[in-house]
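Residue numbers (our numbering), protein chains in the order written: chain L, 656 to 1051; chain W, 700 to 1190; chain D, -2 to 526.
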Amino acid sequence: MPVPTPFHPRTSELCHSLLWKEWSGYYAVRSFDTCHEREYFALRHSAGLIDVSPLFKADLRGPGAADLLSLVTVRNLRKLRVGRVTYLCWCDDDGKVVDDGTVTRLGDTHYRLTGNGPLCAWLDRYTDGFDVEIEDTTEAYGALALQGPTSRAILVEAAGPEVEKLKFFRAMEARIGGVPVGITRTGYTGDLGYEVWVGRDDALAVWDRLMEIGRRYRIQPAGLDAMDVTRVEAGFVLCGVDYFAAHHCLIDERKSSPYEIGLGWAVNLEREPFVGQQALRAEVERGPVWKFAGLEYDWDDYEALFDSHGLPPQVPSGAWRDAVPLYDQRRRQIGQATSGAWSPIMKKNVALATLRPAHAEPGSRLRIEVTVEYERHTIGATVLPTPFFDPPRKKA
Amino acid sequence: MSRYDDIVIGAGVNGLVAATRLGMGGRRVLLVDRAETPGGRCASHEFHPGFRSPGLLSDTSALRPVVLQELDLNRFGILRRAESSSCVTLCPDRGVLDPDATSSPWHAWIGEVAPVIEAFVDDAPLDLLHPERAPLSELIQRGLELRRLGRKTMMQLLRVPPMAVADWLRESFDDEPTMAALALPALKGTWLAPRSPGSAFNLLFDRAIAGPPIRGGTPALVEGLVAAAEAASVEIRCGAAVDRLHLSGERVAGVRLEDGATVEAERVAASNGPRQVMLQWLPPGRLPWRQRRRYEAYRCRGTTAQLLLALDGVPEVLDGVEYAQTATSLDAIERAFDAVKYRRFSDEPVLWLHQASLRAAGLAPEGGAVVAALIQYAPHDLDGGWDDSAREALVSTAMRVLERHVPGIGARVVGSRLLTPTDIEQRYGLEGGQIHHGEHALDQWLVRPEPDAALYRTPVPGLWFCGGGSHPGGGLTGAPGRHAARAMLAD
Amino acid sequence: MSTRYDAIVIGGGHNGLTAAAYLARAGRKVLVLERRHVLGGAAVSEELHPGFTFSVCSYVVSLLRPHIIRELELARHGLEIIPLDCSFLPLPDGDSLARWGDPERTRREVARFSRRDSERLHEFGLAMTQLCRFAKRIIDSPAPDPASLDPRELMKLLRLGQAMRGDSTDLRWLNYKLLTMSAADFLGLWFESDVLKAPMSVSGIIGTFLGVRSPGTAYVLLHHYMGEIDGAYRAWGFSKGGTGGVSLAIANAALAHGAEIREEAPVARVLVHGGKATGVVLENGDEIHAGAVLSSVDPNLTFMKLVGEEHLEDEFVGNIRNYKLRGSSGKVNLALDRLPEFACRPGDGPHLYGDIAIAPGIDYLERAYDDAKYGDFSSRPYINVVVPSLVDPSVAPPGKHVMSCFVQYAPFDIKEGPQRWPERREAFGDAVVDTLAEYIPGLRESILYRQVLTPWDLQEEFGLTEGNIFQGELSHEQLLFQRPTAGWARYRTPVDGLWSCGSATHPGGGIMGSPGELAAKTLLASRSV
């Protein structure tokens, strides 16, 4: 039985489609309307407002916070300056990814960690010997993602001119509707956007203010279906879909290292000990077993396949996450595409995949399974670099 | 270049044995101990003017003959007495009851299987959780040794270890005071009672390896071991408490003492509790969580208090009695144990007594006597803490029980000292006041302390374990020290 | 009369019926003899009060083996299991904890008591599932014999060892700990809170005369997770129509294969001629002959009463005498005229549709055990309550309910002597009702009928010597190759032609069906019938 987020009174009123899903035990809107499209276009052409409160959050305070986070995650966080955010992951002793998320340095000795899954028991494993207090703030804060080309203008008007200067992956404090909020220039859509963090009791005031101001800028409440399409376009992995939390895997084969999910760049390997370091060193030496890559379906092949059944080409509406196998030119399986979508803005049918390194270089040709009228076929696909969609305004 | 090849932490029996053996093997060894005098749990101290304690552990009957032999300890005055010494029950109504006075089929059976238990103790341990790492020939050989007992005896031997002492003894005996006399010596120091499954292993183990005690008791043992160590060119430094391990990169390369000094060596072998070493003496994050969790799970709940009594004469009941105990039934032991589950001590504790001055000179003045009593069961985590009123309550409870079994003892006491589990922790560096460096229970005995350190080498390069927190446990066997040293020399 | 059968099964409990069904399925002529008027043994449903059907003894189905369900087509023969979705723990301070099939919902409830524990539940379940893979191999085949030098036996042991080979050091360590630790300590490897550890650990001591802090109680925790391994066949739930429904489905399967079943046909002795079992004699004097006799009752009854010591060697008799029975539990069955409402979570609701535990803390459970150690029933007992009528309305009239209470501890050897149990019966029942009434204020007034079963009653009425519900303690020295005793752990007995097929054989007690199945298959493989 899911429970509501702090924004539920607003989202429930607006969700005319009654299309909900469960996200970490909370009610989350899939799409406000019976189709997610309008919300998707808002995210890409104006601004979408997404309730991301179910993200797990933990606040770490104390002189040992940076050292603890540097031990637990793959990054050396001692170098992170106040007001900066970084995206990273953390691993188990075998170098397999447990979760991915962000660390924000809110103050000298105050950090916030976010993740897809619960954080406290994991951190608890390592706190011995560190002078740090950890508070689970998942319930304490509501979080909104305001993403899209007009998001900056909305936020400047709602929170003040300082927002104009807020750079990519930075944090600041402000007030919206008279209420204190945290703002980070982060998001999951791979576009210009912000996340707004507010105490749960003040959540509705912030929603109302943003919606009020946003009206002129064509703000649209958006659900998870729309966000899913944008995150595929951005090439972002999704825990539980593109990879699985290592400590929740029954068998080792399901676990992934950071190098296998495209997060190798986040690993600061050569430094003082951190969890999984030895295993990660060994993996770098022998090379990872898998690589994460983006694919594009061959449109002509795709169209021809449907045509052979007398059908127009049908693209998935929204993002999909039922994995399909990938093959090389000799029909040997070389991996699987774990999620994908038709990208309206790029007019491409794309997928995110885990495949053998030999086939993962951009430009590689391979074959992907497509089922039409209950028949399984394979058609051509090409590896593309990700992100598929990367507008300059994202970092401007 | 450092002056030492190996540093051994803890100058108790195991530390001394390990250090001596390493010295004999040509290593330059430094042996450090936090106390002012060596001996560890066997170290003597004056607890009342003219009266000395025989140490926390004072029964030397478990010392391994092979240790005596390999270290040539006879040369240093360590000699076995001619005969073993029983633990008797002091029955208020029936007098002194010796459970070993007559040999029973139970006694005979233990004699039959003793060689297997002794081999378990004296042979280098098998990595039981990784049998595939042992050469097949080794596994077959050990299997055959077991099989040579004969099918029936072998099955019986497989049957006994997981049993409860009460069930095992009641299959062979009816007399409660007899069974209590057999049970309590094996249960002291444990978090087990007669009805606890697995306690039969403790009893089987103790009985199978017991031999005659050392002449002169623990004082002679410690003196001899120190002499042997010095003869092997071991440098012994007392009053040197380790604060933490000194690391060079990934390796342990020495120790940091509490006074701030760092002493370097190629390797460090710790004879104190493995839990303390791994969880307190390494930098945070050095130990992977999967191992950390095993050490956190390694239980060290002390249940023993020691009452040292200085007597101006020997009460009649104790005349000629070396080891005795006060439980007159298995249920008496069980009831005494129950209290510890609720963080209390019972008002009918059971006491194990050692009249140490009987066979060890110098502990008491002429005509006097020292009785060291181990009180079971007294929890380390006593509800409300071991404050003065709790101490007084325990002493008066213990004396009341004693008086019942040793009439007149109260009048003979000229001085006494109580060591609560917290005192024991303080004085002897035993985490939780647990006298065996980690509970003796079936789940902590066959793989001790954890699978990646079961053969004395730890997962941290340069760090070894050589004490009671390793196979075959924390009794006074000297076996862990010997095995560890041999493994280190073969490395 | 002496019609000759291929096999006679003594005891129409679920194991005896399973053995009969397998033998009949293999074409043998089988006769089952049940002493009582109703089939099922301790897996039995009876209408003790008009309109109310009670699962008199065992009350949930836990480990009925999937292959037995398939091979005997039990679903076709009437087996229906309604899953138990909730474990509810009411607390004396008015709070409560419910653990659900929905993991997020459970996480939120547990987080109220301990955030850390709530986050570790998933890992624990995963670890248990991994540990179950090994256990399943052991449960579903006859016990390996470590003393045997027979190459086939050694191969079996080797294969078991090789199965372990792929296991990480961690998993091996956990396996070792699982087999040797106490339930409370084992759970302590993951959890800190009493509200989790108490109800979870107590499943480790069901039917056992040990406490949750006693070493060796951890491995029984596997029971709950075996269901994960059994996958779709997972059978942790209520049997429709009460637990007797399981026995009846198995009986139907046996009948469908041509077996014959007789109720109210108590067996007085096994016929032994020249060291061989040739049949049985009923209490009414009738002799019935058969090529093999299978006894599904416990070894004490089988060997001391039905066979007689004169036909057995002293050593074997001694071993059977050492086989520990010592029942430690009782049962209170109530017919209620209304819904039992818990003050801490009032009203009807899914929290009542699973099992309910009166186990407010580990100290509470240990004190209950302490009482029993010294010869008394627990003044404040552990009680496992189910109200099956809430999901299976067929067992009670509309609006009324059946409340089944499993109680621990009630030692067979009370200090007055076991035969004085009947005098203590009502006081025992009162202790249970008094305890429950602390959580369910209106309980006493709602009771229409009460049945109290003490260990003495379990012995006298259900043929469970000393009232041990598993026909013998599930302690290490009486399991696997030592159940009931070393050398006789593969269903054969020292009497040629006499076989054991009840819970006193591998893999032990609970409603598994395995002892009956494995005994039958071993008998068939011996080609002696």
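Idealized CB from N, CA, C, for every residue including glycine.
Note that the structure is predicted; figures quoted are calculated from it, not measured.
Skipping 5 residues on each side, what residues in its chain have a beta carbon closer than 7 Å to that of residue i?
{"i": "H744 of chain W", "result": "R751, S752"}
{"i": "G917 of chain L", "result": "V892, F947"}
{"i": "N901 of chain W", "result": "A885, L886, T889, L891, H1139"}
{"i": "P1046 of chain L", "result": "D846"}
{"i": "G972 of chain W", "result": "C999, L1129, E1130, H1136, G1137, G1168"}
{"i": "P657 of chain L", "result": "E677, G680, Y681, Y682"}
{"i": "R1156 of chain W", "result": "W1163, A1186"}
{"i": "H902 of chain L", "result": "D747, V753"}
Please go through the same chain and pick out, in chain order, the residues whose beta-carbon is closer than 6 Å to the beta-carbon of residue i, but skip the five residues on each side of it.
{"i": "C129 of chain D", "result": "L219, Y222, M223, I226"}
{"i": "E963 of chain W", "result": "S701, A952, G953"}
{"i": "T103 of chain D", "result": "R96, W97"}
Taking C-beta to C-beta, are residue i and residue j nearer than 7 Å?
{"i": "C775 of chain L", "j": "R113 of chain D", "result": "yes"}
{"i": "L715 of chain L", "j": "I789 of chain L", "result": "yes"}
{"i": "V526 of chain D", "j": "D3 of chain D", "result": "yes"}
{"i": "K237 of chain D", "j": "D352 of chain D", "result": "no"}
{"i": "W954 of chain L", "j": "E915 of chain L", "result": "no"}
{"i": "S784 of chain W", "j": "E1091 of chain W", "result": "no"}
{"i": "V399 of chain D", "j": "F85 of chain D", "result": "no"}
{"i": "E470 of chain D", "j": "K321 of chain D", "result": "yes"}
{"i": "D791 of chain L", "j": "G770 of chain L", "result": "no"}
{"i": "E694 of chain L", "j": "G878 of chain L", "result": "yes"}
{"i": "V765 of chain W", "j": "P1171 of chain W", "result": "no"}
Could you work out which residue in the options is closest to residue i when comparing CA atoms only?
{"i": "A289 of chain D", "options": "D:T126, D:D360, D:S497, D:G213", "result": "D:S497"}
{"i": "A813 of chain W", "options": "W:P876, W:E995, W:I908", "result": "W:I908"}
{"i": "A428 of chain D", "options": "D:F374, D:C54, D:I7, D:A393", "result": "D:F374"}
{"i": "I380 of chain D", "options": "D:L88, D:K174, D:G507", "result": "D:L88"}
{"i": "P47 of chain D", "options": "D:T451, D:L455, D:P395", "result": "D:P395"}
{"i": "L960 of chain L", "options": "L:V887, L:Y1029, L:A721", "result": "L:Y1029"}
{"i": "P1034 of chain L", "options": "L:Y957, L:V922, L:L801", "result": "Sequence check: residue 1034 of chain L is Ile here, not Pro. When only C-alpha atoms are compared, the closest one is L:Y957."}
{"i": "K518 of chain D", "options": "D:P378, D:R32, D:Y436, D:G24", "result": "D:G24"}
{"i": "T1027 of chain W", "options": "W:D797, W:V1039, W:E1021, W:L848", "result": "W:D797"}
{"i": "R726 of chain W", "options": "W:P911, W:S932, W:D822", "result": "W:S932"}
{"i": "V967 of chain W", "options": "W:R1034, W:R720, W:L730", "result": "W:L730"}
{"i": "I411 of chain D", "options": "D:R447, D:I444, D:G327", "result": "D:G327"}
{"i": "A829 of chain L", "options": "L:G815, L:T782, L:V729, L:K820", "result": "L:G815"}
Counting only the same chain and skipping the five closest in sequence on each side, list residues whose C-beta sits under 8 Å from that of residue i.
{"i": "M(-2) of chain D", "result": "Residue placement at M(-2) of chain D cannot be trusted, given a pLDDT of 47 that sits under 50; what the coordinates show is reported in the next sentence. Around M(-2) of chain D: D283, E284, I285."}
What residue range does the beta strand (DSSP E) around residue i cover?
{"i": "Y613 of chain L", "result": "A query on residue 613 of chain L cannot be resolved here, the shown segment of chain L reaching from 656 to 1051 and no further."}
{"i": "K946 of chain L", "result": "946 to 952"}
{"i": "V740 of chain L", "result": "740 to 746"}
{"i": "V277 of chain D", "result": "273 to 279"}
Just grab the DSSP bridge partners of residue i for me.
{"i": "S179 of chain D", "result": "In DSSP, S179 of chain D forms no bridge with anything."}
{"i": "I78 of chain D", "result": "D:S236"}
{"i": "C402 of chain D", "result": "D:V329, D:V382"}
Cβ closer than 8 Å: which chain B residues qualify as neighbours of residue i?
{"i": "T126 of chain D", "result": "Here the protein chains are L, W and D, and chain B is not one of them."}
What residue range does the alpha helix (DSSP H) around residue i cover?
{"i": "A813 of chain L", "result": "806 to 814"}
Heavy atom of the ligand GDP less than 6 Å from the Cβ of residue i, yes or no?
{"i": "I816 of chain W", "result": "Questions concerning the ligand GDP fall outside what the structure shown contains, since it holds no ligand whatsoever."}
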